[in-house]
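Residue numbers (UniProt numbering): 1 to 132. Where a beta carbon is used, it is the ideal one built from N, C-alpha and C, also for glycine.
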């Protein structure tokens, strides 16, 4: 289930609907409670968690529940947790869990590229200069 916001809906409402029932004029703004709980259950058994991005538009109180459930599951996990990206860091700050995340990176796209093993131009330049 996902939370939807059709153009005619007020932002204080939080209707739940299956993804198969989403209409063209609707937007998915959060994952539903059941989906958030499923993710939380999976995260309980993880050994390493790489977190980049919220699962909903958490900036609006009615659409932050999914992100809050997932964030707290990561914080409560015994896994080594790595979080990156500006929106992720804003969620971590909002929910007050920074001290429960193993490593936090301010990088977003660059953070993911680094994890993928891609060469980052700034890092390559620093490595070149270190050789001189």
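Our contact map puts residue i next to residue j with C-beta atoms below 8 Å; I'd like the distance itself, whole angstroms only.
i          : j          : result
residue 56 : residue 66 : 4 Å
Could you have a look at residue i and say whether DSSP puts it in helix, strand or coil?
i           : result
residue 82  : strand
residue 35  : helix
residue 120 : coil
residue 99  : helix
residue 93  : helix
residue 132 : coil
residue 30  : strand
residue 44  : helix
Do residue j and residue i have their beta-carbon atoms positioned less than 7 Å apart in this structure?
i           : j           : result
residue 84  : residue 109 : no
residue 71  : residue 42  : no
residue 36  : residue 69  : yes
residue 105 : residue 80  : no
residue 73  : residue 40  : yes
residue 129 : residue 62  : no
With distances taken Cα to Cα, identify the nearest neighbour of residue i among the options.
i           : options             : result
residue 95  : 113, 76, 21 and 38  : 76
residue 50  : 127, 114 and 32     : 114
residue 26  : 35, 34, 16 and 33   : 16
residue 29  : 40, 59, 46 and 44   : 59
residue 45  : 64, 20, 120 and 78  : 78
residue 111 : 100, 89 and 127     : 89
residue 64  : 117, 31, 100 and 93 : 31
residue 48  : 82, 21 and 19       : 82
Any beta carbon of chain C sitting closer than 7 Å to that of residue i?
i          : result
residue 66 : Considering every chain present, this structure includes no chain C. It has just one protein chain.
>> Please give the ranges of any beta strand (DSSP E) in the region 48-81, keeping only runs that are unbroken, at least 3 residues long and fully inside the region.
In response: As for any beta strand (DSSP E) of minimum length 3 sitting wholly inside the region 48-81, the runs are 48-51, ordered along the chain.
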